[in-house]
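Participant: Questions regarding the structure given below will be posed in turn.
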Amino acid sequence: ITSPADAATFRAGDTLTFTGSAGDAEDGTLAAGQLTWWAELHHDSHAHPFQAQTTGGSGTVTIPTRGETSDNIFYRFHLRATDSAGATTEVTRDVLPRKAQVTLATAPAGLALTLDGQPVTAPTSFTGVVGIERDLVTANQNFNGRRYQFASWSDGGAASHTITTPAANTTYTATFTDLGPV
């Protein structure tokens with residue numbers, strides 16, 4: 151495998167090129183038709199198909215910006231070569247994600263948010279794969295006997311909006327106006 155390069159990394163939205171070749175003592179350089187590629191998304195202790203088996207010496211795949219939100223992932227590319235006698239050899243190449251720490255905060259602290267449809271209490275942090283889209287939602291709410299009205303997000307987004315995990319550690323703060331006692 152010549153591409154992706156050894157120690158290559160990805161961010162969601164990247165297009166990765168895969169290329170490779172193989173040689174055989176009896177056949178010499180194998181033709182592209184004797185090579186098969188495929189890729190898997192590995193997550194925790196299991197894998198999901200990503201790129202179906204494809205014949206040839208090269209191709210491209212685009213890493214999705216929506217889907218798996220865990221940072222415990224990587225893509226494994228496989229190349230299998232088959233010589234004229236039917237003997238096969240397989241090699242793999244892993245491509246790891248670039249990551250960033252995202253903190254979700256509220257002013258005042260302790261108010262409720264949802265991240266990808268799941269409730270969280272701010273402040274909270276997660277490690278994300280750079281480029282993955284995440285959905286943030288907040289609303290007017292009562293907290294500690296006070297009424298709070300959503301005013302703004304620090305990134306200028308609406309109460310409900312999508313962010314893209316940035317390349318650097320970042321804090322997103324939802325600011326609320328205190329409307330007085332409940």
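The opening position of the sequence shown corresponds to residue 151 in this note's numbering, with each subsequent residue numbered one higher.
Heads up, the beta-carbon is just placed ideally off N, CA and C, and yes, glycines get one too.
Near THR179, which residues of its chain fall below 8 Å by C-beta distance, leaving aside the five closest residues on each side in sequence?
Facilitator: Position 29 of the sequence shown, counted from the start, is the residue given in the question as residue 179. Closer than 8 Å at Cβ, skipping near neighbours: SER171, ALA172 and GLY173.
Participant: Decide if ARG243 is buried, meaning its Cβ has at least 16 other Cβ atoms within 10 Å, or exposed.
Facilitator: What you label residue 243 is simply residue 93 of the sequence shown in a count that begins at 1. ARG243 is buried by the Cβ-count criterion.
Participant: Reducing DSSP to helix, strand and coil, say where GLY333 ends up.
Facilitator: Outside the displayed span of the chain (151 to 332) sits residue 333, for which this structure offers no information.
Participant: Please go through the same chain and pick out, in chain order, the residues whose beta-carbon is closer than 6 Å to the beta-carbon of ASP285, but skip the five residues on each side of it.
Facilitator: Numbered from 1 along the sequence shown, position 135 holds the residue referred to as residue 285. Correct list, in chain order: ASP266 and THR312.
Participant: List the endpoints of the continuous beta strand (DSSP E) containing ASN292.
Facilitator: Locating residue 292 in the sequence shown gives position 142, counting from the first residue. Here the beta strand (DSSP E) through ASN292 covers 291 to 293.
Participant: Under 9 Å between the Cβ atoms of PRO258 and ASP221?
Facilitator: Numbered from 1 along the sequence shown, position 108 holds the residue referred to as residue 258. Numbered from 1 along the sequence shown, position 71 holds the residue referred to as residue 221. No, the pair does not count as a contact, with Cβ atoms beyond the cut-off.
Participant: Counting Cβ pairs closer than 8 Å, one from the stretch 191 to 207 and one from the stretch 262 to 277, do we hit at least three?
Facilitator: no
Participant: At 3 residues or longer, what runs of the beta strand (DSSP E) sit wholly inside the stretch 157 to 207?
Facilitator: You should have 165 to 169, 185 to 193 and 196 to 205.
Participant: Where GLN184 and THR232 are concerned, what is the direct C-alpha to C-alpha distance, given to the nearest angstrom?
Facilitator: As a first step, residue 184 is located in the sequence shown; it is residue number 34 there, counting from the start. As a first step, residue 232 is located in the sequence shown; it is residue number 82 there, counting from the start. Going from the Cα of GLN184 to the Cα of THR232 covers about 5 Å.
Participant: Rounded to whole angstroms, what's the CA-CA distance from THR288 to ASP164? Just pull it up for me.
Facilitator: One-based indexing of the sequence shown puts residue 288 at position 138. One-based indexing of the sequence shown puts residue 164 at position 14. Taking the straight line joining both Cα atoms gives about 30 Å.
Participant: What does PRO269 pair with, by DSSP beta-bridge criteria?
Facilitator: For the purposes of this step, residue 269 is identified with residue 119 of the sequence shown, where counting begins at 1. Per DSSP, THR264.
Participant: Would you please state the rounded distance, in angstroms, between the beta carbons of TYR345 and LEU261? I believe it to be under 8 Å.
Facilitator: Only positions 151 to 332 of the chain appear in the structure, and residue 345 is not among them; the question remains open.
Participant: Evaluate LEU329 with the Cβ neighbour count: other Cβ atoms within 10 Å of its Cβ, from every protein chain shown; 16 or more gives buried, anything less gives exposed.
Facilitator: Your numbering for residue 329 matches position 179 in the sequence shown. Exposed: under 16 other Cβ atoms inside 10 Å.
Participant: Hey, out of HIS193, PHE227 and ALA197, whose CA is closest to ALA155's CA?
Facilitator: As a first step, residue 155 must be located in the sequence shown, where it is residue number 5. Taking each of HIS193, PHE227 and ALA197 in turn and checking the Cα distance to ALA155, the smallest one comes out for PHE227.
Participant: Quick check on VAL241: buried or exposed, where buried means 16 or more other Cβ atoms within 10 Å of its Cβ?
Facilitator: Stepping through the sequence shown from its first residue, residue 241 is reached at position 91. Under this definition VAL241 is an exposed residue.
Participant: May I have the straight-line CA-CA distance separating GLY281 from SER234, to the nearest angstrom?
Facilitator: What you label residue 281 is simply residue 131 of the sequence shown in a count that begins at 1. What you label residue 234 is simply residue 84 of the sequence shown in a count that begins at 1. Each residue's alpha carbon lies about 43 Å from the other.
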